[in-house]
Amino acid sequence: MFFSVYYSGHDTGYLKKKDQLSIIIRYVTTDVNDNNEPDNIRINETFIGFIEATNQTAKSLESDVLNFLNTLDINLAKCRGQGYDGAANMSGADGGLQKLSKDKQPTANYVHCSAHNLNLVLSNACNNMPHVREFYDFCQKIYTFFGLSIKRWSDRKLCRITRTFSRLLNHYVRQGGHLDLTL
(Lines of atoms letter the chains of each structure in order from A and count residues from 1; the text may use other names and numbers.)
(Lines give C-alpha, C1' and ligand atoms only; values in the text may rest on other atoms or scores of the structure.)
Protein backbone atom coordinates (compact mmCIF):
# COMPACT_ATOMS: atom_id res chain seq x y z
CA MET A 1 0.00 0.00 0.00
CA PHE A 2 1.31 3.45 -0.93
CA PHE A 3 0.67 6.46 1.28
CA SER A 4 1.22 10.17 1.85
CA VAL A 5 2.28 11.74 5.12
CA TYR A 6 1.05 15.09 6.43
CA TYR A 7 2.66 16.80 9.37
CA SER A 8 1.46 19.82 11.23
CA GLY A 9 3.36 21.56 13.98
CA HIS A 10 0.99 24.51 14.20
CA ASP A 11 -0.81 25.00 17.53
CA THR A 12 -0.61 21.43 18.76
CA GLY A 13 1.33 22.07 21.95
CA TYR A 14 -1.36 23.77 24.02
CA LEU A 15 -2.09 21.07 26.56
CA LYS A 16 1.36 19.68 27.19
CA LYS A 17 3.14 23.00 26.68
CA LYS A 18 5.59 21.28 24.32
CA ASP A 19 6.23 21.51 20.60
CA GLN A 20 4.39 18.67 18.90
CA LEU A 21 3.75 17.44 15.40
CA SER A 22 0.52 15.74 14.45
CA ILE A 23 1.06 12.90 11.99
CA ILE A 24 -1.63 11.97 9.47
CA ILE A 25 -1.39 9.23 6.85
CA ARG A 26 -3.46 9.35 3.65
CA TYR A 27 -3.85 6.15 1.65
CA VAL A 28 -6.10 4.55 -0.95
CA THR A 29 -8.04 1.33 -0.49
CA THR A 30 -9.94 -0.55 -3.18
CA ASP A 31 -12.38 -3.40 -3.18
CA VAL A 32 -12.11 -6.04 -5.86
CA ASN A 33 -15.18 -7.19 -7.81
CA ASP A 34 -16.00 -10.74 -8.93
CA ASN A 35 -13.75 -10.32 -11.99
CA ASN A 36 -10.82 -9.41 -9.73
CA GLU A 37 -10.90 -5.79 -10.97
CA PRO A 38 -10.58 -2.73 -8.73
CA ASP A 39 -13.93 -1.48 -7.53
CA ASN A 40 -15.07 1.10 -4.98
CA ILE A 41 -11.89 3.15 -4.58
CA ARG A 42 -11.69 5.09 -1.30
CA ILE A 43 -9.26 7.74 -0.09
CA ASN A 44 -8.65 7.35 3.64
CA GLU A 45 -7.02 9.76 6.05
CA THR A 46 -5.96 8.47 9.44
CA PHE A 47 -4.48 10.39 12.35
CA ILE A 48 -1.72 8.18 13.73
CA GLY A 49 -0.43 10.27 16.59
CA PHE A 50 1.39 13.20 18.08
CA ILE A 51 5.14 13.26 18.43
CA GLU A 52 7.15 15.63 20.55
CA ALA A 53 9.51 17.73 18.47
CA THR A 54 13.05 17.73 19.85
CA ASN A 55 13.55 21.15 18.26
CA GLN A 56 12.32 22.96 15.16
CA THR A 57 15.23 22.41 12.75
CA ALA A 58 14.43 20.42 9.62
CA LYS A 59 17.09 17.81 10.45
CA SER A 60 15.72 17.28 13.95
CA LEU A 61 12.13 17.09 12.68
CA GLU A 62 13.23 14.53 10.08
CA SER A 63 14.81 12.39 12.79
CA ASP A 64 11.72 12.67 15.02
CA VAL A 65 9.36 11.72 12.18
CA LEU A 66 11.49 8.84 10.87
CA ASN A 67 11.87 7.39 14.36
CA PHE A 68 8.09 7.58 14.84
CA LEU A 69 7.33 5.97 11.48
CA ASN A 70 9.90 3.23 12.17
CA THR A 71 8.25 2.36 15.50
CA LEU A 72 5.02 1.78 13.56
CA ASP A 73 6.79 -0.28 10.86
CA ILE A 74 5.78 2.23 8.19
CA ASN A 75 8.09 1.83 5.22
CA LEU A 76 9.19 5.21 3.82
CA ALA A 77 9.91 3.53 0.46
CA LYS A 78 6.14 3.42 -0.13
CA CYS A 79 5.64 7.11 0.61
CA ARG A 80 4.33 8.97 -2.44
CA GLY A 81 3.48 12.35 -0.96
CA GLN A 82 4.15 14.73 1.88
CA GLY A 83 2.40 17.88 3.03
CA TYR A 84 3.18 20.62 5.53
CA ASP A 85 2.37 24.20 6.37
CA GLY A 86 4.40 26.97 4.76
CA ALA A 87 7.10 27.33 7.43
CA ALA A 88 10.61 27.25 5.93
CA ASN A 89 11.79 24.48 8.25
CA MET A 90 8.95 22.30 6.95
CA SER A 91 8.44 23.26 3.29
CA GLY A 92 11.80 24.82 2.38
CA ALA A 93 12.97 23.66 -1.06
CA ASP A 94 16.66 23.81 -0.13
CA GLY A 95 16.83 22.73 3.50
CA GLY A 96 13.31 22.04 4.73
CA LEU A 97 11.87 18.77 5.94
CA GLN A 98 10.24 18.21 2.54
CA LYS A 99 13.65 18.42 0.81
CA LEU A 100 15.27 16.05 3.31
CA SER A 101 12.39 13.58 2.91
CA LYS A 102 12.49 13.84 -0.89
CA ASP A 103 16.24 13.14 -0.82
CA LYS A 104 15.51 9.89 1.05
CA GLN A 105 12.42 9.00 -1.00
CA PRO A 106 12.31 10.76 -4.42
CA THR A 107 8.70 9.70 -5.08
CA ALA A 108 7.44 11.55 -1.98
CA ASN A 109 6.23 14.68 -3.75
CA TYR A 110 5.55 17.76 -1.63
CA VAL A 111 2.15 19.48 -1.57
CA HIS A 112 1.46 22.57 0.53
CA CYS A 113 -1.24 21.77 3.10
CA SER A 114 -4.38 23.61 1.99
CA ALA A 115 -6.05 22.94 5.35
CA HIS A 116 -3.38 25.14 6.94
CA ASN A 117 -4.28 27.92 4.50
CA LEU A 118 -7.96 27.51 5.38
CA ASN A 119 -7.07 27.78 9.07
CA LEU A 120 -5.18 31.02 8.39
CA VAL A 121 -8.14 32.44 6.43
CA LEU A 122 -10.62 31.52 9.19
CA SER A 123 -8.33 32.95 11.88
CA ASN A 124 -8.03 36.19 9.94
CA ALA A 125 -11.80 36.36 9.41
CA CYS A 126 -12.46 35.77 13.13
CA ASN A 127 -9.97 38.47 14.09
CA ASN A 128 -11.98 40.95 12.03
CA MET A 129 -15.23 40.20 13.89
CA PRO A 130 -15.17 42.12 17.21
CA HIS A 131 -17.35 39.73 19.25
CA VAL A 132 -15.51 36.64 18.03
CA ARG A 133 -12.14 38.32 18.62
CA GLU A 134 -13.19 39.32 22.16
CA PHE A 135 -14.30 35.77 22.92
CA TYR A 136 -11.02 34.24 21.74
CA ASP A 137 -9.03 36.97 23.50
CA PHE A 138 -10.87 36.05 26.69
CA CYS A 139 -10.11 32.34 26.17
CA GLN A 140 -6.45 33.23 25.59
CA LYS A 141 -6.40 35.22 28.83
CA ILE A 142 -7.75 32.23 30.73
CA TYR A 143 -5.10 30.02 29.16
CA THR A 144 -2.44 32.61 30.04
CA PHE A 145 -3.79 32.86 33.59
CA PHE A 146 -3.14 29.14 34.11
CA GLY A 147 -0.05 28.96 31.94
CA LEU A 148 1.90 31.70 33.74
CA SER A 149 1.88 29.81 37.03
CA ILE A 150 3.45 26.39 37.43
CA LYS A 151 1.26 25.75 40.47
CA ARG A 152 -1.97 26.74 38.70
CA TRP A 153 -0.97 24.66 35.68
CA SER A 154 -0.04 21.52 37.62
CA ASP A 155 -2.85 21.75 40.20
CA ARG A 156 -5.64 22.37 37.75
CA LYS A 157 -8.58 20.12 38.41
CA LEU A 158 -11.92 20.28 36.66
CA CYS A 159 -13.77 21.68 39.69
CA ARG A 160 -11.08 24.29 40.31
CA ILE A 161 -11.03 25.31 36.67
CA THR A 162 -14.83 25.50 36.63
CA ARG A 163 -14.91 27.69 39.75
CA THR A 164 -12.08 29.88 38.49
CA PHE A 165 -13.58 30.14 35.02
CA SER A 166 -16.95 31.12 36.51
CA ARG A 167 -15.26 33.74 38.70
CA LEU A 168 -13.24 35.10 35.79
CA LEU A 169 -16.29 35.15 33.53
CA ASN A 170 -18.36 37.06 36.10
CA HIS A 171 -15.50 39.51 36.60
CA TYR A 172 -15.10 39.84 32.83
CA VAL A 173 -18.79 40.72 32.41
CA ARG A 174 -18.76 43.17 35.36
CA GLN A 175 -15.68 44.92 33.95
CA GLY A 176 -17.26 45.33 30.53
CA GLY A 177 -15.01 42.80 28.86
CA HIS A 178 -11.75 43.74 30.59
CA LEU A 179 -10.06 40.91 32.44
CA ASP A 180 -7.78 41.62 35.39
CA LEU A 181 -5.43 38.66 35.69
CA THR A 182 -4.45 39.56 39.26
CA LEU A 183 -7.53 37.79 40.67
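Reading the sequence shown from the start, the letters are residues 1493 to 1675 in my numbering. Built from N, CA and C at the ideal position, the CB exists for glycine as well.
| Check | Outcome |
| --- | --- |
| Taking contact to mean at least 3 C-beta pairs separated by less than 8 Å, is the stretch 1571 to 1581 in contact with the stretch 1614 to 1629? | no |
| If you measure from the beta carbon of Q1632 to each beta carbon in chain B, is any gap under 8 Å? | Of the protein chains in this structure there is only one, and it is not chain B. |
| With 16 other CB atoms within 10 Å as the buried threshold, where does L1564 fall? | exposed |
| Roughly how many angstroms lie between the CA atoms of N1567 and L1558, to the nearest whole one? | 10 Å |
| Ends of the beta strand (DSSP E) at E1544? | 1530 to 1544 |
| Judging by CA-CA distance, which residue of I1515, L1640, N1609, T1522 is the nearest neighbour of G1541? | I1515 |
| Locate the alpha helix (DSSP H) running through L1513, then write down its first and last residues. | That residue, L1513, is in no alpha helix (DSSP H); its beta strand (DSSP E) goes 1512 to 1524. |
| Quick check on the burial criterion: 16 or more other C-beta atoms within 10 angstroms. Buried or exposed for Q1512? | buried |
| Counting Cβ pairs, one atom from each stretch, are 3 or more of them under 8 Å apart for the stretch 1544 to 1557 and the stretch 1581 to 1597? | yes |
| Can you give the beta carbon distance from I1535 to D1556, rounded, assuming they're within the 8 Å contact cut? | About 26 Å separates the two Cβ atoms, so there is no contact after all. |
| Could you pull the DSSP bridge partners for F1495 from this structure? | Y1519, C1571 |
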